[in-house]
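Report on the following structure.
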Amino acid sequence: MTVLTSAVLREALPPSGPGQIYTLQDYCPLNSHTAALVLSQAGCKEDLSALSSLLLRSLEGRAAESPSPTQTLGLTHCLPIVNTVITYSPDSLTEDHVIFLSKKLVEWLRYASLQQGMSSSGGFFASPRIRQPGTVAELDGCVCGDFFTVLCVSPSFSEDQWMNLYSFSLLRHWLITYHNGTDGNTSTDTATDNRLISLSLSHEDRSEVDGSVVSMVSATSSSSRVLPPKERLREKSLEYCQRLVEQSDRKALKRADTELQKACLVEAVCILDSVCLGDPGFVYRAFPCVKALFGRLSSDLSYSRVLLPIAQFYLNHGETAAVDSECVWRCVWGVLPAECFNQPFLAHEMLTFIRANQLLLKTSVPLYSRYFPNLLKFLAWDSPSLVSDYLDVLPSLVTTGTALELLHSLLDLPCLTAALTLQLRSACFPVSEPGGRGLTSLEAFRSPAYRGLFLFLLRREAGSGDTIDRLSVLHDLLMEAADWPRVVQSAQSVPVLLHVYFNTITTISDKRLLAQLVLVLLERSSLLLNIPSYPEEIHRVFSYHLLRLCKHHPSLVVDQSRELLEFAGITANVHSKEELYTHVVWVLGEYLSVSSDPRCSVDLVTSCFEALEAVLFEVTSSGCPSPRVVTSLLSTLAKLASRSHDLIPRVSLFLSKLRSGAISWCHSEEDVVAIVTRGEELWSLLKLPSVALSVLTPPLVVTTPSWHGDTNTALPPRLRSLTSLTHTPLKHN
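Residue numbering for the sequence shown follows this note's numbering, starting at 229 and increasing by one per position.
What follows is the structure in structure tokens.
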């Protein structure tokens, strides 16, 4: 199939290469996709420049009053192909090309005809009076009294009106690509631009008189004719977008036209933003229009897509205009996610906006991170398609003030998904399902007794508390939601997000925050929605990052020794949280020492030893514990005993019983071998306490060796000698 398609394209498309004579007819039937294929065949930048010159030459001059179908087809296809050219290779257009097309865009945008195009319908016997074109209309049916825009309606469009539509669709891309900086400021540039304008004044004047009605806006800005072409395009772009904003306030007669108004508003605000980025002098003229538009649309959620470009405009230019943007951010962060969380397209645009402006939002918008409970609603509702975006967004939400509450919110993300589902069901469905089976969770959602629990989940701002006091009650109410597909998908995304969260939190050097974080890990390990495999996955993430936290901050073990010992002293945790329990025991044995923290006392080591010893005796006498837990407990007890020699006889007694084969509580032969082997190793070490201390608690110079960089050892000279031998070129006689 691929070979056949390639052969068809080779035969159907015009060839490209040196010496190729391009003609406009070759490219008339191309759409943007096939044009991209033709452009990819270009051998070099000069080929594209030649094609660009041909396309732009075809746009020269005004079209005939009655163009032939071939001419019309060619002109209306040129601009999309030019757009494709600048997409793939913006450098292929020279400065002369840019100036020429900027002038043509001004003409098409601002001076398109207000008369309807000639209709080809009616047949041979149609009356000339019927075919006489009238004036284009506004979307509300009124006759258009200003210049033509994309929001004007007509039974058929003329060629210059089609070029107006094409120009508007190209305009933002053109401004971003070629109008990033102001021009016409130096004397040389001004002289050059004035010379170019003087050469084309007669043509532009004729187009204004013959093909357009002078509007109120143009009358107030007639001095723009003396501006350089790029500045003049910005001027006319501003007028065009202001006209679109005015037209969007008209009530459209058709529903499809209402959607067109929304789409054009999005593009118009983006173009205004591009104009102001190119020349900040336009900010003071554009801001009143954008501010009035926000005031009109902020209470209408059907225009939610327009609010994001407005927010981008405020973010880029609010400081220049010295305006208060808090009302915009409260609407964008506080209202849109809460009311429109189930709109996937809005969620995608919101996350795209955040990803593009993360650094600016963190520094310029203090409200941003406070609204993370609201922003997580998009993720809770549609986790599979948005989780990759949140991997980029999540680090910007982690701050010293939000870290703990954000961790609780991530762990409760499946609960938030269930609450959002119940919120929609409560508004749309009765308490009882059609089959007669009532939803207990829906009844609880509507009950005043539990309303506070769900309101906390659905809160919009952070700062009202880390988590819910009655979290276990909430989990019981949502038990039937544990198998809902949307809730299960939400739970599957949490472990990935937690990794990103912990990787970010380690960059915050706040010991008090990290100490509280350890407490949250221990507390929340028992408070998770009971979704199949969800607690196990969370425990695995907790275990991994607990080790990392303690490795980078060993003093955390002494600071939180009471809570860690309390967790390790509960026998039930051995069976229900084996992964996390094993790592907590290992952390106690590894970092509860004077070498890790001078505050570690003998009494603290002894109390830890006694608590773990009691657990070991209990689990080996009452059941069949995991060999991993047993070996971890044995290793930790041996480490603690090596630091307090009075404890060696107590642990040696248990190890001697293992050597005698008294392990009836273990039924697997492989487990018996593993436990006995570890017991013999530890028993042999403890017979020599000084050796045991150096092996089980090695000094820092041993655990993190840097002998290759120590000039007091013989290794660096050897390495340098070997390096010189391997890198010395051989000389041949």
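Virtual Cβ for every residue (Gly too), placed ideally from N, Cα, C.
Mapping DSSP to helix, strand and coil, what is A365? In this structure, A365 counts as strand in the three-state DSSP scheme.
I need the straight-line Cα distance from S527 to R558, nearest angstrom please. Those two C-alpha atoms are separated by around 12 Å.
Which residues in the same chain as L589 place their Cβ atom closer than 8 Å to its Cβ, once the five residues preceding and following it in sequence are excluded? The residues are L543, I582, Y596, S624.
Whole alpha helix (DSSP H) elements within the segment 373–408, 4-residue minimum: Here the runs fully enclosed are 387–406.
Cα-Cα separation, S280 to Q586: Distance between the alpha carbons of S280 and Q586 is about 37 Å.
Going by the CB atoms, is the gap between L725 and L632 shorter than 9 Å? L725 sits away from L632, with the two beta carbons spaced by 9 Å or more.
Hey, quick one: how far does the alpha helix (DSSP H) through M707 stretch, first residue to last? Judged by DSSP secondary structure, M707 falls outside any alpha helix (DSSP H); it is assigned neither H nor E.
Q788 - DSSP class collapsed to helix/strand/coil: Per DSSP, reduced to three states, the secondary structure at Q788 is coil, with no helix or strand assignment.
At 4 residues or longer, and completely inside the segment 717–762: list those alpha helix (DSSP H) runs for me, N to C. You should have 739–752.
Please classify N392 as buried or exposed, where buried requires at least 16 neighbouring CB atoms within 10 angstroms. Within 10 angstroms of the beta-carbon of N392 lie 16 or more other beta-carbons, which makes it buried.
Own chain, CB closer than 6 Å to S949, minus 5 neighbours either side, in chain order: A distance below 6 Å between beta-carbons, with the five flanking residues on each side excluded, links S949 to no residue of its chain.
Could you check where the alpha helix (DSSP H) with S669 kicks off and where it finishes? Counting along the chain, S669 sits inside the alpha helix (DSSP H) bounded by residues 668–674.
With burial defined as no fewer than 16 other Cβ atoms inside 10 Å of the residue's Cβ, what is the status of L652: buried or exposed? Here L652 is exposed: its Cβ has fewer than 16 other Cβ atoms, across all protein chains shown, within 10 Å.
Here's a check: name, in chain order, each residue in its chain whose Cβ is nearer than 8 Å to the Cβ of H780, leaving out the five neighbours to either side. So the list reads T734, once near-sequence residues are dropped.
Kindly indicate which residue of E459, G680, L283, K605 has the alpha-carbon position closest to the one of T312. Checked all of E459, G680, L283, K605; the closest Cα to T312 is L283.
Three-state secondary structure (DSSP) of V326: Secondary structure of V326 (DSSP, three-state): helix.
Run the CB neighbour count on L683, radius 10 Å, all protein chains shown included, and call it buried at 16 or more, exposed below. So L683 ends up on the exposed side.
Measuring straight from C-alpha to C-alpha, what distance separates P601 and L745? Answer to the nearest angstrom: the Cα atoms are 19 Å apart.
Please give the ranges of any beta strand (DSSP E) in the segment 610–650, keeping only runs that are unbroken, at least 3 residues long and fully inside the region. Within the segment 610–650, no beta strand (DSSP E) run of at least 3 residues lies entirely inside it.
What's the C-alpha gap between E897 and V802? Distance between the alpha carbons of E897 and V802 is about 21 Å.
Segment contact, 8 Å Cβ cut-off, at least three pairs: the segment 823–838 with the segment 805–813: With the cut-off at 8 Å, the segment 823–838 and the segment 805–813 do not touch.
How many whole angstroms separate the CB atoms of L861 and L844, which I take to be in contact at a CB cut-off of 8 Å? Contact between L861 and L844 holds: their C-beta atoms lie close to 5 Å from each other, under 8 Å.
Scan the segment 462–530 and note each continuous alpha helix (DSSP H) run of 4 residues or more that stays entirely inside, going in chain order. Counting whole runs of 4 or more residues, the segment 462–530 contains the alpha helix (DSSP H) stretches 483–506, 511–525.
Taking D825 as part of the alpha helix (DSSP H), name the residues at either end of that continuous run. Counting along the chain, no alpha helix (DSSP H) covers D825, and no H or E run does either.
Presumed contact (8 Å Cβ cut-off) between L461 and L321, rounded CB distance: Distance from L461 to L321 at the Cβ level is roughly 14 Å; contact not present, criterion being Cβ atoms closer than 8 Å.
Neighbourhood of A291 by C-beta, 6 Å cutoff - its chain only, sequence neighbours within 5 removed: In this prediction, A291 has a pLDDT of 44, which is less than 50 and means its spatial position is unreliable; nothing more can be read from the coordinates.
Could you spell out the range, first to last residue, of the alpha helix (DSSP H) harbouring D899? In this chain, the alpha helix (DSSP H) harbouring D899 covers 897–914.
Would the segment 528–535 count as touching the segment 501–517 if we require 3 or more Cβ pairs under 8 Å? Touching, no.
Chain-order list of residues whose beta-carbon lies under 6 Å from that of A340 (same chain, five-residue window excluded): Taken in chain order, the residues that qualify are F376, D388, Q389, N392.
Looking at the secondary structure, which residues open and close the alpha helix (DSSP H) in which G851 lies? First-last for G851: undefined, no H or E at that position.
Please report the straight-line C-alpha distance between G562 and Q571, rounded to a whole angstrom. G562 and Q571 have their C-alpha atoms spaced approximately 16 Å apart.
Whose C-beta lies closer than 6 Å to the C-beta of V858 among residues of the same chain, with five residues either side of it excluded? Contacts found: I903.
Mind checking who Q343 pairs with in its DSSP beta bridge? Answer is T363, bridged to Q343.
Should the segment 735–743 be regarded as contacting the segment 705–719, the criterion being three or more beta carbon pairs within less than 8 Å? No, the segment 735–743 is not in contact with the segment 705–719.
Boundaries (first-last residue) of the alpha helix (DSSP H) holding H545: Its alpha helix (DSSP H) spans residues 532–549.
Span of the alpha helix (DSSP H) holding Y809? Here the alpha helix (DSSP H) through Y809 covers 806–819.
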